[in-house]
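Residues in the sequence shown are numbered from 287 upward in steps of one, following the numbering used here.
One structure is given below, encoded as structure tokens.
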Amino acid sequence: MMDPADTSPPSRPQIDPHLQAVAQEVFDLARCGDATMLAAVIEKGVPPNLRNDRGDSLVMLASYHGHADAVRTLLERGADPNLRNDNGQTPIAGAAFKGFDEVIETLLAHGADVEGASPDGRTALMVAAMFNRTAIMELLIAHGANPNARDANGVTAGDAAARMGAGDAQARLKELGGS
């Protein structure tokens, strides 16, 4: 029986070291983009939304490392395209940060929220604008991203581009109706 006065956090259950090693191998499959093996392990019972100790899902890892085929494989097997990591980041924002337009197209085709903002309100469009990724900006806006959305500090994608010296992004956003 638990002591009601005990406010210490519950201890985490011990995880079998063999199981931990297997999970690490699965995360490595996502990082390396091995779509065939990811499909096989999911069909054997690995949850498609398996997450590591930082909350990164298999889709997040595959997205961040630019593996559109692996992302597609995971999404077709039930993975959530909007599952955030422990920092509140989405796979689409990770792909925008890294510049992987094919991954973004795959995520959007499988239901990713184009406006899925991080806890501070930063959207994938804002991230793309910061790094002067005009093709990704156009893709996101074509799928409904709001060029005038503001983060928690009132910053728009255009403001973010200006702060980072991303002149092409700033100009393109003005052409596309952003402020």
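C-beta atoms are modelled at their ideal positions from N, C-alpha and C, and glycine is treated no differently.
Looking at residue i: is its Cβ nearer than 8 Å to the Cβ of residue j?
| i | j | result |
| --- | --- | --- |
| Ala447 | Leu459 | yes |
| Val357 | Val345 | yes |
| Ala435 | Leu426 | no |
| Asp399 | Asn439 | no |
| Ala365 | Ser343 | yes |
| Leu347 | Ala379 | no |
| Pro405 | Gly451 | no |
| Gly421 | Asp387 | Residue identity check: residue 421 is Ala in the sequence provided, not Gly. Yes, they are a contact pair. |
Take the Cβ of residue i as the centre, count every other Cβ of all protein chains shown within 10 Å, and call the residue buried at 16 or more, exposed below.
| i | result |
| --- | --- |
| Val308 | exposed |
| Pro433 | buried |
| Thr392 | buried |
| Leu411 | buried |
| Leu305 | exposed |
| Pro303 | exposed |
| Ala431 | buried |
Give the secondary structure of residue i by DSSP, where H, G and I count as helix, E and B as strand, and everything else as coil.
| i | result |
| --- | --- |
| Ser343 | strand |
| Arg458 | helix |
| Arg337 | strand |
| Asp372 | coil |
| Arg363 | coil |
| Arg408 | coil |
| Val332 | coil |
Excluding five sequence neighbours on each side, which residues of the same chain lie with their C-beta closer than 6 Å to the C-beta of residue i?
| i | result |
| --- | --- |
| His353 | Gly319 |
| Gly407 | Asp437 and Ala438 |
| Met287 | Residue placement at Met287 is poorly supported in this model, since its pLDDT is 48, which falls under 50; the coordinates are not used for a value here. |
Measuring alpha carbon to alpha carbon, tell me which residue in the options is nearest residue i.
| i | options | result |
| --- | --- | --- |
| Ala381 | Arg419, Ala438 and Arg340 | Arg419 |
| Asn338 | Ala414, Asp454, Met450 and Arg370 | Arg370 |
| Gly453 | Phe417, Thr442 and Ala438 | Phe417 |
| Leu336 | Ala395, Gln310, Tyr350 and Leu394 | Gln310 |
| Ala395 | Ala428, Arg408, Glu329 and Gly407 | Ala428 |
| His351 | Asp372, Phe313 and Pro333 | Phe313 |
| Val441 | Pro333, Pro303 and Ala403 | Ala403 |
| Leu361 | Gly341, Ile390, Gly430 and Arg340 | Ile390 |
Residues in the same chain with beta-carbon distance under 8 Å from residue i, minus the five sequence neighbours each way, listed in chain order, please.
| i | result |
| --- | --- |
| Ala325 | Thr359 and Arg363 |
Within the same chain, show all residues whose beta-carbon is closer than 7 Å to that of residue i, passing over the 5 residues directly before and after it, in chain order.
| i | result |
| --- | --- |
| Lys384 | Tyr350 and Gly352 |
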